[in-house]
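Protein sequence lines, in the order shown, are assigned to chains A and B.
Heads up, the first sequence is in this note's numbering, so the first residue is 17 and it goes up one at a time.
Heads up, the second sequence is in this note's numbering, so the first residue is -6 and it goes up one at a time.
From the three backbone atoms N, C-alpha and C, an ideal C-beta is built for every residue, glycine too.
Computed from a predicted structure; not experimentally measured.
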Amino acid sequence: MSQAKIAPRPAIEEVLADLSETTPTRRTEEVLREFHEEADIVKAYDARLVARLWPFVRPHARGLYLALGLLFLTAAASLVRPLIMRSIIDAGSIARNPQAMVKGAWLLLAVVVVEQSLSFVQIYSMQMAGARAMADLRAHVFRFLHGLRLGFFDRQPIGRLVTRVTNDVDAVNELFASGALNAVGDLVRLFGIVAMMLLLDWRLSLIAFAALPPVALFVNAIRHGSRKAYRDIRTKTARLNAFLNEQVSGMAIVQAFGREQAASQEFDETNRAYRDANFRSIKFEATLDAAIDMVSSMCVALILVAAGMRASSIGTVVAFIAYIRQFFEPISNLSQRYTLMQSAMSGAERVFQLLDHTETDAPANLRMPGIEVVPVEERELAFQLDHVDFEYKPGVPVLHQITLSAKRGEKIAIVGATGSGKTTIASLLLRLYEPTAGMVRVLGRDVQSYERVQLRRQFAVVPQDVYLFPGTIVTNVAVGDVVPDRAKVEEALACVSGLDLFARREGGLDAKVDERGANFSAGERQLIAFARALYKNPPILILDEATASVDSDTESRLQRALSVLMEGRTALIIAHRLSTIRAVDRIVVLSNGHVVEQGSHDELLAKNGLYAKLYRLKSTQDAERSSVA
Amino acid sequence: MKDAPIPTGLLAQFRRHAKSYLLGTALLAVYQTLTYAFDRGLWYGVDMAIGGHQKRALTVGILLAIVPVVAMGVRVLSRVLIFNGGRDIEYELRHALLDRLHLLGPAFYRKMPSGEIMSRATNDLTQVRLLLGFSVLNSVNTVFALASALTIALSISVKLTLASLATLPVLMLVTRRFSKSMFSLTRSNQAVLGQMSDRVQASLAGMRVVKSFALEDVEVASFQKVNEAYLDRSLALARLRGSMMPVTQSLSAVGLVIVFWYGGHLVLVDEITPGGFVAMFWAMQRLAWPLMALGFVVGMIARGRAAYTRLEEIFQAQPDVVDGSRRPEAPVRGELEVRNLCFSYRDDAPLVLDGVSFRIPARGSLALVGRTGSGKSTLASLLPRLLPAPRGTIFLDGIDVCDLPLEVVRQAIGYAQQDSFLFSTTVARNIGFSLDDTDTPEAQQRIRSRAKDAQVLEETLRLPDGFHTVVGERGVQLSGGQKQRIALARALMWQPKVLVLDDPISAVDARTEAAILDTIQREAERRTILLITHRVAAAQRCDQIVVLDGGHVVAHGTHNELLRQGGLYARFAEEQRLEGEIVTLGEREAAAASAGAA
């Protein structure tokens, strides 16, 4: 997926020639399958992946050991059951001893209860160990993601990362919920059953064993078919839902292009395939159920045959038949577990592939020359960019040789057209990205010598498009505090003259904030972000002014708030409003990644260069905005 | 393509699938009769064996061994018939659901958010299917099984029947409770999983803020809360699932003890024969599952009906735009006229468009200029009736679009939205959206040439898989400009008589803009063009320009006329001239700075 490593561009003709070689249909299907992550069959067991999972499991391994121990006990109990039945029936049919029968019945009840209770403990302790391990893995992946560089997220579809944390880890959990250890249990059972049958009556066993392989093969064949059907059902479900979801969100386009019929046909293909896969699955499941039913009925009939032939005692025959019936279960289970193990392994594969990324965010380089080396006069600088070059994509430079600094308490505005690199400068100060050349210093120290948190604690950032987290107004202002300081939140909101505005809302400051703050206007979001900055109270403020027009009441609130916010702080402002531009100490004009002018408002106007033109444009735009209002 | 619509009523669907349901029911009856016969034979055979009639027991045994084979076939068939019926109805309802959604307009989608629609299309449809498959089969089967088992049991011994039935109602109640708690726990488990993915989503989408404010630890802590809640729910679910078997098995074992204890006693006092005892034991065993299933079914029926009511809301939602019946006699030429058009989204809302009129002759071009929120996009959506256009306001070749079939209107008037929504499929299929087959060499050739017209060919070829790269929601992330140009290529591919382009060049640089405008101008020779734009450079290439402000037409004329009039258009022109100057000057000074540094 990495776009960072784009191979040297082949000539277009070459690509075209290459494209025409493969038939588009096949190619498209391949690409789409890969996109929907419908991976082909993977191994059901991969030692390398299991070894990587082990560190997460180890802390909870006691549950697994317990489960393993209990597996043997429950298997033993289920092996004993037919023997008790034998003694009951023989007591009835041979000795005609009702007391022995009832005693046997009680014993059977006791064994069943004990077996079932133990198996509950066994299953539960295994699932608990698994679920806890997976919760740890999930937390690990989440924390890992937060340690990655911002650039990583520019290239990754977020939906997919969310899937890694949720669904993929859930798939791995199947290893415990129904997976690996129980397969061991199934094998133990199989061997136990064979042994018991031989012990009971070796001649009958030999006859039975002759019949068992076809039965096992039959079960396996059915399971194989139903496994394929199940896999189809899963991939088709995902595609059905994705398709429907997209139809709904893109409905206006479908209708405008008149593609309803075509979409309906495409949907029908998947819908039909889904139904047909279900038909197959129904057939297999019904056959398997009915087959088990049939075999047990036939076994009962065979008791009569055996009785007719005066073979062993009826009790022995009944017990023997019980073993034959038990034989089905582990075979059928083993086959089912195989499928789940496969999806667990592919889940683990995807999770660990994500964890293999190495783009750590802003690691502190502690061997850097520290504060001592910085000349005294530079310690007076709040921040400084020193001949900085930067590019997001190799070969596409964004900043060239930017040199720019601010003394403590100084207010600087950056102006320039869209795409001139203004926001990038702010990102470099926070070390969200690394410059390709040059040095960035904050409070006299190279940003690389800071611990990440320590560096970012120096800044408050108010972005152009304010991001609000789901929660309340209070939690959004006090972002960063697990327990918000309410008084401080109110104070911050009051300072940016937003307290009355928000207190008026239904729910007051505890009003719910929807996803991305959709229930707040752009101006309100901006005010919340101002309060957020004030609450944090750092020495340096970075403000990316919103371009969206707001009503005049909010506008005046924002202007008042801004002056409060800048007071006593160093400020770097990416300015769009004239009032803001005039209020700063110095203006830096950026064009195509170069600093082309620098100075105070009056100096730059006198110079009659780029700034003067920009200023005139802003004036006409502002005039127009006020004429609208 | 005009198939009879699929009936969406439950009863109608039942009638449609009556054959499989009736046949399935008949087979269930046959199956339960066969098991009845089996029990009878067992009763007799065991008595024979114990009574010393070995030969007869052997014969009965061999005959009885054949019955299950037949029964198995019948059983499989009954299940396949009824379950397939349920699946087929699910398939048809899902099909009908999408068809209905295709008919509904923005008024519906404003009321029902897409998450809600999806939940109905998945969860509710599943519940309805369970009602039509599992519930139907098991209700019928339980009735037959009770009849078959009780007939044999009562003829063996009324007292023993009553005694062995003792645990069965309990078993049914227990499963009913299990099924209830299982359903609510599963739902809440899914809800927490949903919360967790929202949490992760919010945190990753806000990564820039998270990093800027060094919120990583707080985020991890708040994730940990949901993570633990999910752990709790999962374990509660595991506990419930795990306890189901022990409880039901122990209950069955208790039943077994009763049969052994009381039945053994009855055998010894010669009230029943040993064969009767075995047959009774066997009959009771096979009643366990049908009764447990009934426990599941009770809840399922209630949920299935509630789910169907929710689906019905979609099936019965009325589209606000309906087909007209007048088929045009001649092929559409592409003359478009708007006459005194007024529109508001709701009756009580202010007018978005107020008395808009203009006329574009076939193969003419018109630019619609105005600020954000002036009503341009609303007007464009009204033209192909994506919104309910009032009668007597929009005319295609002189015919009111409300009188024409929707299909004709939308084929003739192509509106390429401003929002460049792409589907999660390959670039080629996105561009070829209006084609029926995108995979023919000819189609591929056209897709490529459209991409070239929209100035996106080179960038497409540089994508990891070229034209086969999957884009859209979760695919490779494209820049806003790239998406816009792919959407433009999609619109160019379409070739309607009237092409309405909504701000197709807002996110491109000046050079690309000029090339795209050349393309649009070429298009204008072949079709009627309505271009919505705020760019004067684009507007001035059109035959006429309409300036919209606050839903009114404030000016109408050619580029030069409007410039002379002054006003909004002239201000736009001045602003954009300045912007152009700034860009050129900026580039020059940047180049100079670059040279100075070197």
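- Closer than 8 angstroms at the C-beta level to chain B, one finds these residues of the stretch 476 to 503 of chain A: 476, 477, 479, 483, 485, 486, 495, 496, 497, 498.
- Between the stretch 409 to 418 of chain B and the stretch 294 to 311 of chain A, the count of Cβ pairs shorter than 8 angstroms is below three; the stretches do not touch.
- Contacts with chain B at 8 angstroms (Cβ-Cβ) do not include residue 556/A.
- Chain B has a Cβ within less than 8 angstroms of the Cβ of residue 280/A.
- For the pair of segments examined, the stretch 476 to 489 of chain B was found to touch the stretch 416 to 434 of chain B: the number of CB pairs separated by less than 8 angstroms reaches three.
- Per DSSP, the unbroken alpha helix (DSSP H) holding residue 515/A starts and ends at 515 to 519.
- Within chain B, no C-beta atom comes nearer than 7 angstroms to that of residue 94/A; the closest sits roughly 11 angstroms away.
- Among the CB atoms of chain A, one or more fall inside 8 angstroms of the CB of residue 408/B.
- With contacts defined as CB atoms closer than 8 angstroms, residue 154/A and residue 118/A fail to qualify as a contacting pair.
- When the Cα atoms are used, residue 537/A and residue 99/B turn out to be separated by approximately 23 angstroms.
- The DSSP-derived three-state label of residue 535/B is coil.
- Within chain A, the residues whose beta carbon sits less than 7 angstroms from that of residue 88/B are 284, 287, listed in sequence order.
- Assigned with DSSP and collapsed to three states, residue 490/B falls in coil, not helix or strand.
- Note on geometry: alpha-carbon atoms of residue 369/B and residue 391/B lie some 22 angstroms from one another.
- Taken in chain order, the members of the stretch 604 to 617 of chain A whose beta-carbon sits within less than 9 angstroms of a beta-carbon on chain B are 605, 606, 607, 608, 609, 610, 611, 612, 613.
- In the structure shown, the three-state DSSP call for residue 475/A is strand.
- Straight-line spacing of the CA atoms in residue 326/B and residue 355/B works out to 6 angstroms.
- Straight through space, the alpha carbons of residue 631/A and residue 594/A are spaced by roughly 8 angstroms.
- Residue range 196 to 216 is occupied by the alpha helix (DSSP H) that includes residue 213/A.
- Around residue 258/B, the beta-carbon contacts reaching into chain A at under 8 angstroms are 114.
- Look at residue 522/B: its C-beta is not under 8 angstroms from any C-beta on chain A.
- DSSP places residue 362/B in the uninterrupted beta strand (DSSP E) bounded by 358 to 363.
- Inclusion of residue 604/A and residue 428/A in the CB contact set at 8 angstroms is warranted, their separation being smaller than that value.
- In terms of Cα proximity to residue 546/B, the closest of 270/B, 232/B, 447/B, 367/B is 367/B.
- Closest in C-alpha terms to residue 431/B, from the list 452/B, 74/B, 460/B, comes 460/B.
- 8 angstroms or more divides the Cβ of residue 308/A from the Cβ of residue 73/B.
- Residues of the stretch 360 to 382 of chain B with a C-beta less than 7 angstroms from any C-beta of chain A: 377, 379, listed in chain order.
- The alpha-carbon of residue 207/B is positioned some 7 angstroms away from that of residue 473/A.
- Nearest neighbour of residue 491/A by Cα position, chosen from 551/A, 250/A, 597/A, turns out to be 551/A.
- Contact with chain A is found for residue 61/B, since one of that chain's Cβ atoms lies less than 8 angstroms from the residue's Cβ.
- Contact annotation: in the stretch 262 to 279 of chain A, residues whose CB is within less than 9 angstroms of a CB in chain B are 262, 263, 264, 265, 266, 267, 268, 269, 270, 271, 272, 273, 274, 275, 276, 277, 278, 279.
- Around residue 240/B, the same chain offers 167 as residues with beta carbons nearer than 7 angstroms, after the five sequence neighbours per side are excluded.
- Less than 8 angstroms divides the Cβ of residue 313/A from the Cβ of residue 61/B.
- A residue is called buried when at least 16 other Cβ atoms come within 10 angstroms of its Cβ; residue 59/A does not meet this threshold and is exposed.
- Going by beta carbons, residue 288/B and residue 169/B fall inside the 8 angstroms limit.
- Per the Cβ contact rule, the stretch 153 to 161 of chain B is in contact with the stretch 267 to 282 of chain B (3 or more Cβ pairs under 8 angstroms).
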